[in-house]
Structure formats: C-alpha cells, structure tokens
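Participant: Below is one structure. I have some questions about it.
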Amino acid sequence: HFRFFFVTCGTDRRGSFQLSAMASAGGNPLVLPAVLHLRRSDADFTAALSERFRVLDFFSSGEPLPAFLAAAAAAPEPPRAAVVVGGGSVRVDASFLDAVPSLRCVLTTGAGIDHIDLAECARRGVAVANSGEVFSTDVADYAVGLLLDVLRRVSAAERYVRRGSWPVQGDYPLGSKLGGKRVGIIGLGNIGSRIARRLEAFGCIIHYNSRKPKDSISYKYFGNVHDLAAESDVLIVACALNKATRHIVDKDVLEALGKGGVVINIGRGANIDEAELVVALREGKIAGAGLDVFEHEPKVPAELFSMENVVLSRHVAVFTEESRSDLRAHTVGNLEAFFSGQPLLTPVDADSLVQ
Amino acid sequence: MAAPPPADERPLVMLAQALFPEFAAALAGRYRFALLADADAAAADEARALLVGGLPRVTAQHLGVLPALKLVACTSVGVDHVDLDACRSRGLSVTNAGAAFAADSADYAVGLLVAVLRRVAAADVYVRSGRWAADGDYPLTTKVSGKRVGIVGLGNIGSRVARRLAAFGCAVSYHSRSPKPSAPYPFVPALRDLAAGSDVLVLSCALTDETKHMVNRDVMEALGKGGVLVNVGRGGLVDEPELLRCLRQGVIGGAGLDVYENEPAVPPELLAMENVVLSDHRAVLTPESIGGVLEVVIANLDAFFSGRPLVSPMEL
C-alpha cells in the first residue's frame, strides 16, 4: 500500500494541492526506489512489488538484456536492487554488475545461487539474498512424494489403471517397502533436514553427507558420497550446485548404490552425471529414480520416457499456492529491509562459497 | 515357532480359494490343504480351520458344510467378505492380517495424498509427453505440510497414517466408533464434522453395515471445494456414484483411490479426470508385507492347532 499524505497549499491561487508519496527511506521521497525485475512472474507478484517500488521489468521491456540494463543504469535514479531467479538466462556475474554499477543488492527468488558469482558480489560489496526457507517445506514434501512414488509405483500403477489394464491383466507388479530402508541424504540443510524428519516417521534409517558433520544430529554421517551410497538403499540429492557438487553423483557412486538402489533429485540436474544415470537405469545397475531437475532443462533424456521405474517432473517441487504467496511476502520483506538500511532477511554469505 | 511336524501328522486346513504360489509353498510343509469347492465329505467333516486367501466371499452356506469348523483365518486386514454374523452365531474365531500390512498401507495412503495434492502423477505424464511448461504456466499445486487431515478409523493403519502426516506438520484429527484414549489427536464424534474441519479425509476403517456409504454427499459437501478424499479402506465406504458427481461438479477438489465398489472395475469417468490418482488395490502389497502376512497366518494356525491363544483375533 502507498504511504502518502496530501499537502494542501491553502494560499495557492489555483487552490491545488500537492500529492507527496512517502517512499521507504533511502531514496528521493518523491520517487519510489527502482528495482530491476529479471524474472517471469505472475501478476500478483508484480503488483506486490509495484505497490512499493518502481519496477523495471525485463521481460515486458521486449529489449535484449544489455540494452535493458544500459537503459536502467543510465536513468536519473538507477536501480540499487535487482530481483533475479536461477535456471534462466540471467547470470549475475562481473559483466552484469559492470552494466549496472548502482546495484548494491541482488535477491534471487529461489534457494539455489549457482547463477550468481558470489565472489564477484562480495568484492563489490553487493549484498545477496535468496529465498531462505520459503520453499524448503514444499521441496521436502515433494521429495518424499517422489520417493513414495518410485518405491511403491504410484504413477506407474496409475497409468496401468487408466489404460484399463487392471481388469484384463490383473494386478500391477508390486513395489517395495519404505520402512527399514537406509536413506542417504546429500546435503542436510533446510530441505535435507525436513526430508529426514518426514522419512523417519516412515521407519527409514537416515544417513547423510554434507561438507561437515552436524554436531546436534544423530544420523550417521559419511565423509563422502561414495561411502554414503555404499551403505544406503536410497540417495536423495538435496544440496546446492557448486564446483564441489557438480556430478557429485557419478558412475562410481551409482555403482556403489547398487542394483536395488533408488536416486531422488530435487537439487540441481548437474548434481548428477545424467548420462551415466540413464546408462545405469537402462542396464539395471540401479532400481529406479525420481527426478524433478535435469542437466539441460527443459530437455529431458527421451530414453527415460519409456522407463516404468522412473518418475519425472519439470522442476515443480517449489510450485504451490502457499509458497508463491510466501515468496511475495519474503521478497518484499528483503527489499524493504535493504531500502531502509537494515540487514537482509536471508543473506547468502561468503560461507556459501565453495571450499 | 516349532519345527513343522512330520508329514502325515499335518493338520488339515480347508482353503476358501487357491493360495498364491508364495503362500502355498511356504505353508505346504506345515499343513494339509483341501480346496472347499472340491473337498470330499471326509475332508469337510474333519476341517477345523478355514484359510481365506485373497478376498473371496465366504457365506453362511460355505461355513455350513464344515461342521467341525472353529477358526476362520484371513490373510487380509478387512474381513467384510466374510459373513461375520454367521461366524458369531456359530462361535467361530476369526483372525486377520493384524498389523502385517499396516505400514505399507499407511505409506501408500500418504503417497496417494501427496500425489493428489502435488499432482506428482500428472506431472510425470506431462513430462513423458515431451512437454515442459515455462514458469508461470504451471498450475500451482497446494502445500501438503500443514494441511488439516481427518482420519476415519484410527486402527493399525490409521494410526500409522497419523504419525507420518504429523511429521509433515499436518494437523491430525480422527473419527472412529469410539475415542482412543491413548491417541494424541482430537477425536471428532461425527464424521460430517470431521470432514467440515479437514482439508483431507483419509479412510482407513473396516467396511461394516454401519460404515457402508458413510462418505455420502453430505460428508463430501462438508469436506468442500478444495477438499481431497483418500481411500485405502474399502470402496463400499464411499457412495461411488455420488463421489463421481461430486468430483465432476467440483463439490470436492480431488481424490486418491486404491479401492472401488466393484473391483477391478474402475468407473470410466474417473479415468478421464486429472484431479484423481488411481491405483489397483495395491496399498497393502509389497513383497515384504506378504512375508509379514505369512508369519501372522502361520502364527495363528500354529496357535490354534496347539490350543494356544490366537495372535490376531478379531472382535465380532
């Protein structure tokens, strides 16, 4: 909502009055702070931002990115904040930051930050924030849903019933029990820890790998993903994508996981060597996979389409009404914090850099 | 368990229908079998135990040809296919699968619930068709965590469903014949009120005369537009034609169904709906749980034939 007041110039000959919009502190009080918006968005999100900020929207500008950025940078009140998202064409790197030197804050509307050069931002004093825990619960729920689907063949049975095969061919082949399965979670952060809590209620045994063991956690820690895979029946990728975690699930790890093993990926496609995964599935070296992300989205290896033991989705683990609404509030919150000189709500700091 | 007795002393067990091969192989060393439909008079007179594999109807007439019968041992959880009135009036004991299937059924109930709310199966179909929507075009689904879940029947299966959904941060309440003092969830005496206060209704109770068609139009209207019905109990718990109408008219938001009134016939109208997830009565079925059922069946039969208390007797 606008915070504004009317100033009546009682003695003015024309009897007119001035409208003054009170913007958040930190800028020209007559003008809302400018914010670059470099993502496809729904109307509610854009409206929420537009109520408080002067939104410079890339996708509706119709211009190529360099021209858009140059125009924004050349304006009288250039933007000090940018809202971006991963998985698209916009990378926040040196040339991006060079193009808009007024930027002091970058918000990304996802958890992943692999599209942002954190070192470059740190060098220039540009604060970075992500979506914090906004999506963590929905992604964890979806990961569990994928695992249930793969192990118990929910989607495969669905297709079977819809084809009309049940009366004709009898029952669809059985799935496999969850209880007692050893689940190896790669990355025990906001998402991984929620997955663990849910799967414990199903009687799963939780193992994990992360950069360092977590002191307060009683799950069994493995220093590397190969050893984790060797002692797990299920591998769930719930870590960030960076240099250390690219292809962290490779041919060696898949072999260690073994013939009964299942892989679930709700991280980034590139966390897994996708070509090797397809080979492992084709040759029966692992038992199945649930994949919400792929190395070259929107391309999905076509060979997967005919496999009954995989469950596929197109990067939807975050997409619920509730988290969409939470994201709006969260983004506005971060922007308001920034423009009023306060710390960002969910800063991504240098600690997130690869060792 | 005791070692199997020598072959010629094996007790006779009458079979209501032929056993699955796994069952038959596992039990062959312990008991002699005769198939009810083919049994000669001597076997019919001798048989003190009837083993009901699968879900064939067992009527008073079937029971009537077995004068020595004392035990009806079922391999399923629900026993609505057996004439319990006839069992009661003859003083027969009836055993079921006990908790052998409970975890798997509960797991599947949750799997159906997540699949409906988060459209997991629908997303899979979409990708397999070679399509990939841009951000903003994807229909938003609804969060699982935090939903209000009403469980109908808080027995072995229902209580496990509750525990799993509590780990998702769902608010669980339940309805059953009587409150369970040890259950940490609110008890709701009227099913309609449970539906009115829930986003999801999970059916995990037995099918009896009282519970037949308990989910009717009134209950579904109380569940409401965004509401989801998950049924891993029996098809007969739901007025199926009314369910179709309510789904078609948007009276409720969606359904996850493992059971139907006339299996394996699935109403064709369901096959065309996007907001339902369908399965072929598989909630109980994993190889591990079949092993579990075998253990329960053997335990019950052994106990019976050696005069010890039954392991999973049902209250009739």
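Going down the list, the protein sequences come from chains A and B.
Going by the numbering used here, the first sequence opens with residue 305, and the numbers climb by one from there.
Going by the numbering used here, the second sequence opens with residue 11, and the numbers climb by one from there.
Glycine included, each C-beta is placed from N, C-alpha and C at the ideal position.
Note that the coordinates shown come from a computational prediction; the quantities given were computed from them, not determined experimentally.
#1: Would you grab the beta carbon distance between leucine 76 of chain B and alanine 54 of chain B for me? Rounded to a whole angstrom, and I think it's under 8 Å.
#2: Do you know how far the Cα of alanine 579 of chain A is from the Cα of leucine 585 of chain A?
#3: Beta carbons nearer than 7 Å to chain A: which residues of the segment 296-317 of chain B have them?
#4: With burial defined as no fewer than 16 other Cβ atoms inside 10 Å of the residue's Cβ, what is the status of serine 186 of chain B: buried or exposed?
#5: What does DSSP give as the partner residue(s) for isoleucine 510 of chain A in the beta ladder?
#6: For the candidate residues A:Ala379, A:Val389, A:Thr413, A:Glu601, whose alpha-carbon lies nearest to that of valine 694 of chain A?
#7: Based on Cα-Cα distance, which residue from A:Val448, A:Leu581, A:Ala542 lies nearest to leucine 175 of chain B?
#8: Who are the near neighbours of leucine 374 of chain B in its chain, counting only those whose CB is closer than 6 Å to its CB and skipping five residues on each side?
#9: Using DSSP with H/G/I as helix, E/B as strand and the rest coil, what is phenylalanine 197 of chain B?
#10: Determine the chain B residues that contact threonine 549 of chain A at a beta-carbon separation under 8 Å, and present them in chain order.
#11: Taking the alpha-carbon positions, what's the valine 335 of chain A to asparagine 638 of chain A distance?
#12: Quick one: what does DSSP say proline 319 of chain B is sitting in, helix, strand or coil?
#13: Ordered along the chain, which non-local residues of its own chain (more than five positions away) have a Cβ less than 7 Å from that of glutamate 284 of chain B?
#14: Under the assumption that serine 406 of chain A contacts alanine 375 of chain A (Cβ atoms under 8 Å), give the Cβ distance between them as a whole number of angstroms.
#15: Does the Cβ of valine 311 of chain A have 16 or more other Cβ atoms within 10 Å, making it buried, or fewer, making it exposed?
#16: Tell me which residues share the same chain as proline 647 of chain A and place their Cβ nearer than 8 Å to its Cβ, disregarding the 5 neighbours each side in the sequence.
#17: Looking at the C-beta of threonine 151 of chain B, does it have a partner C-beta in chain A at a distance below 7 Å?
#18: Starting from the beta carbon of glycine 496 of chain A, find every residue of chain B whose beta carbon is closer than 9 Å, and list them in chain order.
#19: If you measure beta-carbon to beta-carbon, which residues of the segment 108-121 of chain B are closer than 7 Å to chain A?
#20: Taking all protein chains shown into account, decide if serine 316 of chain B is buried (16 or more other Cβ within 10 angstroms of its Cβ) or exposed.
#21: Please report whether the beta-carbon of glutamate 462 of chain A lies at a distance below 7 Å from any beta-carbon of chain B.
#22: Counting only Cβ-Cβ distances shorter than 7 Å, please list the residues of the segment 471-502 of chain A near chain B, keeping chain order.
#23: Counting only Cβ-Cβ distances shorter than 8 Å, please list the residues of the segment 613-628 of chain A near chain B, keeping chain order.
#24: Going by DSSP in three states, phenylalanine 357 of chain A sits in which element: helix, strand or coil?
#25: Strictly under 7 Å for the Cβ-Cβ distance: is proline 605 of chain A near chain B by that measure?
#26: I'd like to know whether the C-beta of threonine 413 of chain A is nearer than 7 Å to at least one C-beta of chain B.
#27: According to DSSP, simplified to helix, strand and coil, what is arginine 384 of chain A?
#28: Let me know the secondary structure DSSP gives cysteine 256 of chain B once reduced to three states.
#29: Suppose you measure from the CA of valine 389 of chain A to the CA of leucine 340 of chain A; what does that come to, to the nearest Å?
#30: Under three-state DSSP, which class holds valine 307 of chain B?
#31: Classify lysine 481 of chain A: buried if its beta carbon has 16 or more other beta carbons within 10 angstroms, exposed otherwise.
#32: Have a look at A:Asn613, A:Leu561, A:Leu342, A:Asn546 and flag the residue whose alpha-carbon is nearest the alpha-carbon of glutamate 535 of chain A.
#33: Select from the segment 177-189 of chain B all residues with a C-beta closer than 9 Å to any C-beta belonging to chain A, and list them in chain order.
#34: Tell me which residues of the segment 264-287 of chain B have at least one Cβ-Cβ distance to chain A shorter than 7 Å, keeping chain order.
#35: For a cutoff of 7 Å on Cβ pairs, would you count arginine 20 of chain B as touching chain A?
#36: Please report the distance separating the alpha-carbon of proline 149 of chain B from that of tyrosine 270 of chain B.
Facilitator: Here's the rundown:
#1: For the purposes of this step, residue 76 of chain B is taken as residue 66 along the second sequence, with counting starting at 1. For the purposes of this step, residue 54 of chain B is taken as residue 44 along the second sequence, with counting starting at 1. Right, the Cβ-Cβ distance comes to about 6 Å (below 8 Å), so this counts as a contact.
#2: In the first sequence, the residue the question calls residue 585 of chain A occupies position 281. In the first sequence, the residue the question calls residue 579 of chain A occupies position 275. When rounded, the distance between both Cα atoms is 10 Å.
#3: Thr296, Pro297, Glu298, Ser299
#4: The residue given as residue 186 of chain B occupies position 176 in the second sequence. Its Cβ being crowded by 16 or more others within 10 Å, serine 186 of chain B is buried.
#5: Here residue 510 of chain A refers to the residue found at position 206 of the first sequence. BP columns for isoleucine 510 of chain A point to A:Val487.
#6: Nothing can be reported for residue 694 of chain A: it is not among the residues displayed for chain A, which extend from 305 to 659.
#7: The residue given as residue 175 of chain B occupies position 165 in the second sequence. It is A:Val448.
#8: What the structure shows of chain B is the stretch from 11 to 326, and residue 374 of chain B is not part of that stretch, so it cannot be assessed.
#9: Position 187 of the second sequence, counted from the start, is the residue given in the question as residue 197 of chain B. Strand.
#10: In the first sequence, counting from the first residue as 1, residue 549 of chain A sits at position 245. None at all; the shortest Cβ gap to chain B is about 24 Å.
#11: Position 31 of the first sequence holds residue 335 of chain A. Position 334 of the first sequence holds residue 638 of chain A. Using only the alpha carbons, I get a separation of about 19 Å.
#12: As a working mapping, residue 319 of chain B is identified with position 309 in the second sequence. Reduced to three states, the DSSP call for proline 319 of chain B is coil.
#13: Locating residue 284 of chain B in the second sequence gives position 274, counting from the first residue. Result list for glutamate 284 of chain B: Ala132, in chain order.
#14: Counted from its first residue, the first sequence places residue 406 of chain A at position 102. Counted from its first residue, the first sequence places residue 375 of chain A at position 71. So it is not a contact: roughly 13 Å between Cβ atoms.
#15: Counting from 1 along the first sequence, the entry for residue 311 of chain A is found at position 7. For valine 311 of chain A, the predicted structure reports a pLDDT of 41, less than 50, and the residue's modelled location is therefore unreliable. A value from the coordinates is still provided. Answer is exposed; the Cβ neighbour count stays below 16.
#16: Looking up residue 647 of chain A in the first sequence gives position 343. Same-chain partners within the cutoff: Ala641.
#17: In the second sequence, the residue the question calls residue 151 of chain B occupies position 141. Yes, because at least one Cβ of chain A sits closer than 7 Å to the Cβ of threonine 151 of chain B.
#18: Within the first sequence, residue 496 of chain A is the residue found at index 192, counting from 1. Within chain B, no residue comes near glycine 496 of chain A; the closest Cβ sits about 15 Å away, beyond 9 Å.
#19: Ala113, Asp114, Asp117, Tyr118, Val120, Gly121
#20: Here residue 316 of chain B refers to the residue found at position 306 when the second sequence is read from its first residue. By the 10 Å Cβ count, serine 316 of chain B comes out exposed.
#21: Against the first sequence, residue 462 of chain A aligns to sequence position 158. Yes, its Cβ sits closer than 7 Å to a Cβ of chain B.
#22: Pro471, Asp475, Tyr476, Leu478, Gly479, Ser480, Lys481, Leu482, Gly483, Arg501, Arg502
#23: Val615, Leu616, Ser617, Arg618, Val620, Phe623, Thr624, Glu625, Glu626, Ser627, Arg628
#24: Translated into the one-based positions of the first sequence, residue 357 of chain A becomes position 53. Note: phenylalanine 357 of chain A maps to coil in three-state DSSP.
#25: In the first sequence, residue 605 of chain A corresponds to position 301, counting from 1. No, no contact with chain B.
#26: Here residue 413 of chain A refers to the residue found at position 109 when the first sequence is read from its first residue. It does not; no Cβ of chain B falls within 7 Å.
#27: Numbered from its first residue, the first sequence carries residue 384 of chain A at position 80. Three-state result, arginine 384 of chain A: coil.
#28: As a position in the second sequence, residue 256 of chain B is number 246, starting the count at 1. Three-state result, cysteine 256 of chain B: helix.
#29: Walking along the first sequence from the start, residue 389 of chain A turns up at place 85. Walking along the first sequence from the start, residue 340 of chain A turns up at place 36. About 12 Å.
#30: Position 297 of the second sequence, counting from 1, holds the residue named residue 307 of chain B. Here valine 307 of chain B sits in helix by DSSP.
#31: Taking the first sequence and counting its residues from 1, the one referred to as residue 481 of chain A is at position 177. It is buried - the Cβ of lysine 481 of chain A has at least 16 other Cβ atoms within 10 Å.
#32: Within the first sequence, the letter at position 231 stands for residue 535 of chain A. Of the listed residues, the one whose Cα sits closest to glutamate 535 of chain A is A:Leu561.
#33: Ala177, Phe178, Gly179
#34: Pro274, Ala275, Val276, Leu281, Val287
#35: Start at 1 with the first residue of the second sequence, and residue 20 of chain B comes out as number 10. Cβ-Cβ to chain A under 7 Å: no for arginine 20 of chain B.
#36: Residue mapping note: residue 149 of chain B aligns to position 139 of the second sequence, counting from 1. Residue mapping note: residue 270 of chain B aligns to position 260 of the second sequence, counting from 1. Approximately 28 Å, taken between the alpha carbons.
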